[in-house]
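In this note's numbering, the protein residues as written are 74 to 336.
Note that the Cβ used here is the ideal one computed from N, Cα and C, for glycine as well.
The structure presented is a predicted model; accordingly, all values stated were derived computationally and were not measured.
Let me begin by presenting the structure, written as structure tokens, before commenting on it.
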């Protein structure tokens, strides 16, 4: 039962304290995404909990992150806020999108820095992919991101970095196995309703969860079906598929369980 509160910037939402508190009362595990600009202000508002994780947007080391965000100094704010959140006893992870401009060396340097200098609890890393609504100068085709993620996966394993991606999903990103998309496995709710089919694409808004499940033609989406999905590798579509794949095999289940215990 994981709820990811994302945006926009959730820490500017009116009533975010009540939203977080309500989910904690329901015993949900919360991933509260933030660009860290207001994170320090909330360290006295929230209480540390094993069910609450601050997920800080960080698209690389200082030069590339500030360039992608078009905000000089943002990297330093994010790193300082992450340190203070850790010192205050909070769980902290990072969320990185790898773009065409991002070098593998920069990603690996970031992973080393966050692991050894900041001491965060883990890192989410996924590719920025091409589709019609995104500038192709920034994003990658599947072949391009597979080339980068083969190296990232190899080095991350060698150095023991806490990359928060299941073994099957890592293999998918590296082009070592195929997975279908399962957007119904990690659905999106916003103030207007249930968003379908996924976090990135909005082909409908539905008043209830059941209406979403019944109202979307799920088999029409994913690589090979919808051109917008052709190069996608987003966590919310393919980690559920990785979980289904793991559950279908005793060997894969054991491997996934070992990963969840040891990273």
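_Please give the ranges of any alpha helix (DSSP H) in the stretch 182-270, keeping only runs that are unbroken, at least 4 residues long and fully inside the region._
215-232, 240-246
_For residue 301, the first and last residue of its enclosing beta strand (DSSP E)_ = It is not in any beta strand (DSSP E) - residue 301 carries neither H nor E in the DSSP assignment.
*From the DSSP output, in three-state form, read off residue 77 for me.*
strand
*For residue 295, which option in 137, 85, 255 has the closest C-alpha, if you only look at C-alpha atoms?*
255
*asked:* Counting beta carbon pairs with one atom in the stretch 173-180 and one in the stretch 142-149, are three or more of them shorter than 8 Å?
replied: no
*CA-CA distance, residue 161 and residue 126?*
12 Å
*Would you give the residue range spanned by the beta strand (DSSP E) that residue 277 belongs to?*
275-279
*Exposed or buried, what is residue 132 when buried is set at 16 or more other beta-carbons lying within 10 Å of its beta-carbon?*
buried
_Rounded straight-line distance, which links the Cα of residue 90 to that of residue 179_ = 35 Å
*Within the stretch 154-179, note down every full beta strand (DSSP E) run reaching 3 residues or more, in order along the chain.*
164-171
*Report the residue from 330, 229, 238 whose alpha carbon sits nearest the alpha carbon of residue 311.*
238
*Please decide whether residue 91 counts as near chain B, where near means a Cβ-Cβ distance under 8 Å.*
Of the chains in the structure shown, none is chain B; there is only one protein chain.
*Starting from the Cα of residue 315, find the closest Cα among 302, 301, 330, 303 and give me that residue.*
330
*What residue does the alpha helix (DSSP H) around residue 98 start on, and which one ends it?*
89-98
*Within 10 angstroms of the Cβ of residue 104, are there 16 or more other Cβ atoms? Answer buried if so, exposed if not.*
buried
*Going by Cα to Cα distance, which pick from 322, 169, 137, 112 is closest to residue 155?*
112
_residue 119 versus residue 152 - alpha carbon distance_ = 19 Å
_Boundaries (first-last residue) of the beta strand (DSSP E) holding residue 103_ = 102-107
*Inter-residue CB distance, residue 134 and residue 169 (contact presumed, cutoff 8 Å)*: Contact flag wrong, Cβ pair sits at about 11 Å.
_Cβ distance (whole Å) where residue 257 is taken to contact residue 286 below 8 Å_ = 6 Å
*Where do the ends of the alpha helix (DSSP H) carrying residue 125 lie?*
Counting along the chain, residue 125 falls outside any alpha helix (DSSP H), though it belongs to the beta strand (DSSP E) covering 125-130.
_Terminal residues of the alpha helix (DSSP H) in which residue 297 lies_ = No alpha helix (DSSP H) contains residue 297, which DSSP labels as neither H nor E.
*So what does DSSP say about residue 141, is it helix, strand or coil?*
helix
*From the DSSP output, in three-state form, read off residue 310 for me.*
helix
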